[in-house]
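K.L.:
The structure's right below; bear with me while I get my questions together.
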Amino acid sequence: MFEYLNRQLIARLEELEWPTETLQLSRPKKVENGDWSSNIAMTLARDLKRAPMQIAEELMEGMQLDSKIVEKYDILRPGFINFFQTSDYLTSQIRTILKAGDSYGRNAFGSGKTAQVEFVSANPTGPLTVGHGRQTVLGDTLANILTWSGYDVTREYYFNNAGRQMRLLGESLKARYFELKGELTLLPDGGYEGDYLIDIAKALLAEKPDLDETTEIDRFKEYAENSIFAIIKTSLERIGVKHDVFYNERSLYEDGKIDEVLELLKEKGLLYEKDGATWFKTSELGIEQDRVLVKSSGEPTYRLPDIAYHREKVARGFDLVVDIFGADHIDAYPDVLSALRVMGLKHEHIQVVIHQFVTLMRSGEIVKMSTRKANFVTLDELIDEVGADVVRYFYIMRSASSHLNFDLDLAKRQTDENPVFYLQYAHARILSIYRRAKERGLEADSDQADLSLLNEEFTVALINQVLEFPEVLDHCRRTLEVHHLPSYLYSLATALHKFYTEYKVIDLENPDLSKARLALLAAVQIALRNGLRVLGISAPEQM
RNA sequence: GCGCCCGUAGCUCAGUUGGAUAGAGCGCUUGCCUCCGGAGCAAGAGGCCACAGGUUCGAAUCCUGUCGGGCGUACCA
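As structure tokens, this is what we get:
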């Protein structure tokens, strides 16, 4: 319908030699305003210096519309053109959905193109926290959406195991190790206080009971890193996230990429030395102040490898690169992008998604967390408490740019108040109806069904709702906003429940209508199942 | 101070690139199960879309300013 109208309108506009750039088609909120609506007459009014109503009249007079698709159109003040689809066209779409099946909702926008989504990227200094959880699910869901848009997607985790923080981690483990041996030790200043390091120290002690003071810090560091990465990967696996690439920052040093960046920026005259450090003249690139790239200690700050890493991303030739950051990294990406620009590299294909913070609410109160004191709730604890499906849904049901209030009490409720169960129930309910239909000897044969019987108000509403699924996925892809999908699925479930309450699906007195309704439910189930799959949430057959 | 995000119903939040009478869930009031899963549905109440200007056929949406809240503004990542 959309494609058809779009094509016809463009053809007509060209015929009249009117501009086509402002052509838009949208779904009106009210059913009386039709199935698709265009505001083209109003947007042309200024250019043509004519009244919108007149423009609409003239435009539509010469339109040849297929009466099998378009039932009628209205022209309404101040100049909307509203199109109504025929019910045959509408119901025929059900067969299209059934035929598409598992691939209903997919599109070819990114076909033949590659995309990379970088997310999580937490350094292996501790377990993932509820804060990391948000971008973990955000990134994975976005990667799913890009996959459904045809992209060949690489999920990437970038980490740093060199640097000061990792050395501190090694020192902290060493302290814990000797503490377990009964020696008087102190955690280093700013060291890692979390209990997980005690567990790791115990494991190390059991494996290697005879380490002494002369053992190099690197032994401890490596042991801690491996142990923590194992914990992180287990957490990721528990919520269904699997990265394709774990990119180690260290390789950037080994391959000389760090030095190359310094060299390139130096050639551009954008580096200078001050107080023993190497500074990047970002102030010349429209950024407030200059940034240090190499500390006076000789160690680079995180910005330098970030730039080198992104230079590599560009070199790797992805058509689309998406970086997911928390709000606390907001300052980093303008530096990186401007560095790419001055190095003459393409950067327009790099999209940055910044998400705001997560607040856990329990019994109406904020759960206080402080990373410094190792007093944080881990992602694992959250999964233990509410389950992976709920975790995934709650993390993405709000816009990434808004703060997220994660209501633990609501998340734990296994009733319709919990949107996850509401959705899953809708899916299970359809399958239940199917089981019951089979028991009663009703064949759910959609080829035989007379779909023209599907013309009641809430039935039509349900069909239209199902048809929006591909549009919603495309909207998510365009905006890189995933929260539209859960809210769409929720309204699809509502439309289904409404339909179910109003009409009886299994009616042995009326087998033709029953078959038609069963065919519709099959289409709804496909949209629900596919939508839940993109969200990474299970679609249970019964609950 | 400066930069980014947010401010919509009592609470938590949606609101396609500006569109037609601003929506949902929770909470509150009230209905609907001899009948396919009541883990459901319906009705009611509840709004100066933070505030003030501007842009235009039209603004919750865009621009400017003000006021609130969050995050940054490190030779931490």
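With my numbering applied, the first sequence covers 78 to 620.
Yeah, the Cβ is synthetic: ideal placement off N, Cα and C, and Gly gets one too.
Name the residue from Thr163, Met137, Ser144, Ile146 whose alpha carbon lies nearest to the alpha carbon of leucine 153.
P.N.:
Residue Met137 is the option with its Cα nearest to leucine 153.
K.L.:
Would you mind working out which of Pro96, Thr213, Glu134, Phe402 sits nearest isoleucine 473, comparing C-alpha positions?
P.N.:
Measuring from the Cα of isoleucine 473, the nearest candidate turns out to be Thr213.
K.L.:
Starting from alanine 31, trace the beta strand (DSSP E) both ways and give me its first and last residue.
P.N.:
No statement about residue 31 is possible, as the shown extent of the chain runs from 78 to 620 and does not include it.
K.L.:
Are the beta-carbon atoms of leucine 246 and threonine 202 separated by less than 8 Å?
P.N.:
It is a contact, given that the beta carbons lie within the stated cut-off.
K.L.:
Output the boundary residues of the beta strand (DSSP E) element that contains alanine 599.
P.N.:
Looking at the DSSP string, alanine 599 is not in any beta strand (DSSP E); the run it does join, the alpha helix (DSSP H), is 588-612.
K.L.:
Could you tell me which residues DSSP puts in a beta bridge with arginine 554?
P.N.:
None; arginine 554 has no bridge partner.
K.L.:
Which partner residues does arginine 232 have in the DSSP bridge list?
P.N.:
Answer is Val194, bridged to arginine 232.
K.L.:
Are three or more beta carbon pairs between the segment 512-529 and the segment 563-574 nearer than 8 Å?
P.N.:
Taking 8 Å as the limit for Cβ pairs, the verdict is that the segment 563-574 does not touch the segment 512-529.
K.L.:
Looking at the structure shown, is proline 265 part of a helix, part of a strand, or coil, going by DSSP?
P.N.:
Note: proline 265 maps to coil in three-state DSSP.
K.L.:
Taking the continuous alpha helix (DSSP H) assigned at serine 415, which residues delimit it?
P.N.:
It spans 409-419 - the alpha helix (DSSP H) in which serine 415 sits, taken as one unbroken run.
K.L.:
Tell me the DSSP secondary structure of valine 468 in three-state form.
P.N.:
Residue state, collapsed to three classes: helix.
K.L.:
Do you know how far the Cα of alanine 220 is from the Cα of threonine 492?
P.N.:
When rounded, the distance between both Cα atoms is 30 Å.
K.L.:
State buried or exposed for leucine 550, treating a residue as buried only when at least 16 other CB atoms are found within 10 Å of its CB.
P.N.:
Leucine 550 should be labelled buried.
K.L.:
Since glycine 208 contacts valine 435 with CB under 8 Å, what's their CB separation in whole angstroms?
P.N.:
Correct: roughly 6 Å between the Cβ atoms.
K.L.:
Mind reading off the beta-carbon distance from glycine 187 to serine 226? Whole number of angstroms is fine, and I expect it under 8 Å.
P.N.:
Contact holds; Cβ gap of about 4 Å.
K.L.:
Valine 338 lies in the beta strand (DSSP E); which residues open and close that run?
P.N.:
That residue, valine 338, is in no beta strand (DSSP E); its alpha helix (DSSP H) goes 334-344.
K.L.:
Can you name the start and end residues of the alpha helix (DSSP H) that glutamate 350 belongs to?
P.N.:
Taken as a continuous stretch (DSSP letters only), glutamate 350 belongs to no alpha helix (DSSP H), being part of the beta strand (DSSP E) at 348-351.
K.L.:
Is tyrosine 181 closer than 8 Å to alanine 604 when the C-beta atoms are compared?
P.N.:
Going by C-beta atoms, alanine 604 is nearer than 8 Å to tyrosine 181.
K.L.:
To the nearest angstrom, how far is it from the Cα of serine 509 to the Cα of proline 588?
P.N.:
When rounded, the distance between both Cα atoms is 18 Å.
K.L.:
Apply the 10 Å Cβ neighbour rule to asparagine 532 and answer buried if 16 or more other Cβ atoms are within range, or exposed otherwise.
P.N.:
Looking at its Cβ environment, which holds fewer than 16 other Cβ atoms inside 10 Å, asparagine 532 is exposed.
K.L.:
Is the segment 332-348 touching the segment 261-278 in the sense that three or more CB pairs, one from each, lie closer than 8 Å?
P.N.:
With a cut-off of 8 Å, the segment 332-348 and the segment 261-278 do not count as touching, because too few Cβ pairs lie within range.
K.L.:
Got a sec, what are the start and stop residues for the beta strand (DSSP E) glutamine 162 sits in?
P.N.:
Unbroken beta strand (DSSP E) run through glutamine 162: 157-162.
K.L.:
Evaluate methionine 620 with the Cβ neighbour count: other Cβ atoms within 10 Å of its Cβ, from every protein chain shown; 16 or more gives buried, anything less gives exposed.
P.N.:
With fewer than 16 Cβ atoms within 10 Å of its Cβ, methionine 620 is classed as exposed.
K.L.:
Taking the alpha helix (DSSP H) that glutamine 212 belongs to, which residues open and close that run?
P.N.:
Its alpha helix (DSSP H) spans residues 207-225.
K.L.:
Quick one: measure Cβ to Cβ for alanine 600 and valine 543, integer angstroms, because I've assumed they're closer than 8 Å.
P.N.:
At roughly 5 Å, the Cβ-Cβ gap stays under 8 Å, so alanine 600 and valine 543 are in contact.
K.L.:
By Cβ distance, which residues of its chain are closer than 6 Å to arginine 232, with the 5 residues on each side in sequence left out?
P.N.:
Closer than 6 Å at Cβ, skipping near neighbours: Val194, Ala220, His320, Asp321.
K.L.:
The beta strand (DSSP E) with serine 115 in it runs from where to where?
P.N.:
Here the beta strand (DSSP E) through serine 115 covers 113-115.
K.L.:
Could you check where the alpha helix (DSSP H) with threonine 571 kicks off and where it finishes?
P.N.:
It spans 561-579 - the alpha helix (DSSP H) in which threonine 571 sits, taken as one unbroken run.
K.L.:
Using 8 Å as the Cβ pair cut-off and three pairs as the minimum, do the segment 387-396 and the segment 240-255 touch?
P.N.:
The answer is no - the segment 240-255 does not touch the segment 387-396, with fewer than three Cβ pairs under 8 Å.
K.L.:
Is it the case that the segment 408-420 contacts the segment 374-385, given that we only count it when at least three CB pairs across the two stretches are under 8 Å?
P.N.:
These segments touch.
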